Amino acid sequence: MFRRISVIGGDLRQLTLARMLICDGYDVLIYGFTGGIRADGIPQTTDLKEALGCDIVILPVPVSFDNKHINAPFSDRELSIDEVIENINPLSIIFGGRISEQISELLTVRGIKHRDYMTRDELAIRNAVPTSEGAIQIAISETPITLHGSKCLVLGYGKVGKILSHSLKGLGAKAYVGARKYADLALIEGHGCIPLTINEATTRIGEFDIIFNTVPALLLTKTVLERVRKDTLIIDLASKPGGVDFESAAELELRVIWALSLPGRVAPVTAGIIIKDTITNMLSEMEV
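The following block contains the structure:
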């Protein structure tokens with residue numbers, strides 16, 4: 046059974062993950078936390094080959110921003126993707142968050158087994174809670190009005206859209222939700238929010254105080270944005286490329302906040318626990 050785990054790079058989420066794995070009885074090493082963050086109680090190594098020789102290697106989320114270097118903001122040296130892949134024990138199992146196609150191909154060529162924990166439904170569902178809380182935090186701090194009584198539009202009724210619209214309604218906001226599927230529109234109504242088709246939502250876009258987009262597709266085009274009031278706040282929660290024509294929004298002098306990776310920013314400890322639980326589930330399924 047695999048017991049030796051290294052956690053390489055990342056932020057407070059990865060440190061929480063390492064601590065939780067130690068509590069579960071794993072032998073854990075961390076690498077890449079030599080500058081600017083405390084890692085009390087977690088065994089740390091400065092020998093990359095030692096870290097990469099473990100049975101399981103956990104990389105951060107995202108693994109890389111540029112496909113050249115590991116995302117390691119608290120490391121005192123840059124860590125290249127090539128250096129990591131060249132030194133990984135070929136018998137190791139690699140876990141990472143948002144592994145790019147390019148990095149996946151490099152690992153596959155070397156015959157290294159790898160899994161992306163960010164593709165798991167249980168992680169996405171649980172991450173929807175800190176994402177929603179972070180979006181609400183932004184809305185409260187960036188507007189001069191209360192959420193209670195405000196007119197809010199949530200575009201999309203996926204994992205984040207469901208939890209966010211429910212939370213907004215609970216805070217007393219007038220929660221409208223735009224969705225494509227008729228089944229979702231019925232569910233929105235059943236949950237006490239106001240359903241709109243996407244066409245209705247974009248046509249009535251000028252009515253809202255705050256607009257939350259959760260759809261990773263260009264819904265808020267220039268034509269749509271021209272109908273948005275100047276005092277409206279737009280919070281885009283969608284992953285890249287987002288759902289807003291940001292250039293047109295700037296030209297129209299609209300306030301847009303692209304709020305990426307909110308779980309890691311607003312609730313890194315909770316996000317770390319979620320990652321740990323997800324990887325544990327994956328190991329159980331792999332029977333290792």
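Here the working numbering = 1-based position in the sequence shown + 45. Ideal Cβ positions, reconstructed from N, Cα and C, are used throughout, including at glycine. Being a predicted model, the structure only gives us computed values, none of them experimental.
Remark: C-beta atoms of ARG58 and ILE320 approach each other more closely than 9 Å. Excluding its 5 nearest sequence neighbours in each direction, SER145 has C-beta neighbours in its own chain below 6 Å: ASN112, listed in chain order. The C-beta distance from LEU299 to VAL273 rounds to 6 Å, short enough to meet the 8 Å contact threshold.
Collapsing the DSSP output to three states places THR277 in coil. Exposure of SER329 is indicated by the presence of fewer than 16 other C-beta atoms within 10 angstroms of its C-beta. TYR227 is classed as exposed because its beta carbon has fewer than 16 other beta carbons within 10 Å across all chains shown. Taking the C-beta atoms as reference points, ALA246 is found no nearer than 9 Å to LEU278. Looking from the CA of ASN326, the closest CA among GLY70, VAL129, SER120, ARG165 belongs to ARG165. Runs of alpha helix (DSSP H) with 4 or more residues, each lying fully within the region 239-306, are found at 243-248, 267-270, 291-296, listed in chain order.
Per DSSP, ASP72 is not a residue of any alpha helix (DSSP H); the beta strand (DSSP E) it occupies stretches across 72-76. In this structure, DSSP gives LYS226 a state outside helix and strand, which the three-state scheme calls coil. Here the alpha carbon of ASP290 sits roughly 7 Å from the alpha carbon of LEU263. Here ASN244 is exposed, its C-beta having fewer than 16 other C-beta atoms within 10 Å. Within the same chain, CYS197, SER210, LEU213, LYS214, CYS238 come within 6 Å of ALA220 by CB-CB distance, once the 5 residues on both sides are set aside.
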